[in-house]
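Below is one structure, written out as structure tokens, with a few remarks after it.
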Amino acid sequence: CGTETLVTQGGHARHCPSCGRDNFPRTDPAVIVLVTRGDQCLLGRSPRFPPGMYSTLAGFVEPGESLEETLRREVFEEVGVEIEDFVYRASQPWPFPQSLMLGFRAKAREIRLVVDPHEIEAAAWFGRAELADAARRPVRLPNPDSIARFLIEEWLAETD
């Protein structure tokens, strides 16, 4: 009816006090993945990011698609790299635009990049040592409260 709704059920529903209707917002699954190869990780840059920021690759799950298929498709579409050895790491609700980010790590079969400019602005391989040292870091990393940053920091903390 157009009346402002109220958040109910811990955010799972919105209730209209005028007409009594309850709305249940969708939660769309999306994958986010840190792709690695040896001592390097692959990060990409969206034109929507703040200047200098690079992050992990991500995308929405299409209807009828498994998470593994989504990971393969998204990474290949964005940078032309085939991946393998998927490992689930964590998830994070992402309320804008109503999604649940499912975080993974994967290994690249190759390092050659073919960036699709319709998908992302740039992508590059970064070494663990250069990203671990904030003074030498050539790019800005995602915010510390993001799953992308969690995936990167987790990898940086590894020693092998």
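To convert, note that position 12 of the sequence shown is 505 in this note's numbering; the numbers rise steadily by one, no gaps.
Think of the CB as a built atom: it goes at the ideal place given N, C-alpha and C, for glycine as much as any other residue.
Every value quoted in this text rests on a predicted model; they were computed, and no experiment measured them.
Which listed residue (the options) has its alpha carbon closest to that of residue i
i, options, result
"Arg621", "Ser592, Leu595, Pro631, Glu614", "Pro631"
"Asp638", "His611, Trp587, Asp626", "Trp587"
"Glu577", "Ser592, Ala599, Met594, Pro556", "Ala599"
"Phe542", "Ile645, Phe643, Glu646, Pro635", "Pro635"
"Glu612", "Leu560, Val568, Pro518, Gln591", "Val568"
"Gln591", "Gly504, Leu560, Pro544", "Gly504"
Beta bridge counterpart(s) of residue i as assigned by DSSP
i, result
"Gln533", "Arg530, Gly620"
"Asp609", "In the DSSP output, where bridge partners are listed per residue, Asp609 has none listed."
"Ile525", "Ala551, Gly596"
"Ala601", "Ile576"
"Arg507", "Val500, Asn516"
"Ala650", "In the DSSP output, where bridge partners are listed per residue, Ala650 has none listed."
DSSP state of residue i mapped onto helix, strand, coil
i, result
"Val580", "strand"
"Ile645", "helix"
"Gln585", "strand"
"Phe553", "strand"
"Ile640", "helix"
"Gly572", "Looking at the sequence itself, residue 572 is Val, so the reference to Gly does not match. Three-state DSSP puts Val572 in a helix."
"Ala625", "helix"
"Leu658", "Any answer about residue 658 is impossible in this case: the structure gives the chain only from 494 up to 653."
"Arg630", "coil"
"Arg538", "strand"
"Thr501", "strand"
"Arg566", "helix"
For residue j and residue i, believed in contact at Cβ under 8 Å, the rounded distance
i, j, result
"Glu570", "Asp609", "6 Å"
"Ala523", "Leu606", "Rounded, the Cβ-Cβ distance is 22 Å, inconsistent with contact."
"Gly531", "Val572", "Incorrect: roughly 17 Å between the Cβ atoms, too far for contact."
"Phe619", "Gln533", "6 Å"
**Request:** Evaluate the contact criterion for the stretch 506 to 518 versus the stretch 569 to 583: three or more CB pairs, one atom per stretch, below 8 Å.
**Result:** No, the stretch 506 to 518 is not in contact with the stretch 569 to 583.
**Item:** Three or more C-beta pairs below 8 Å linking the stretch 524 to 532 and the stretch 542 to 554
**Value:** Yes: the two stretches touch, three or more of their Cβ pairs being nearer than 8 Å.
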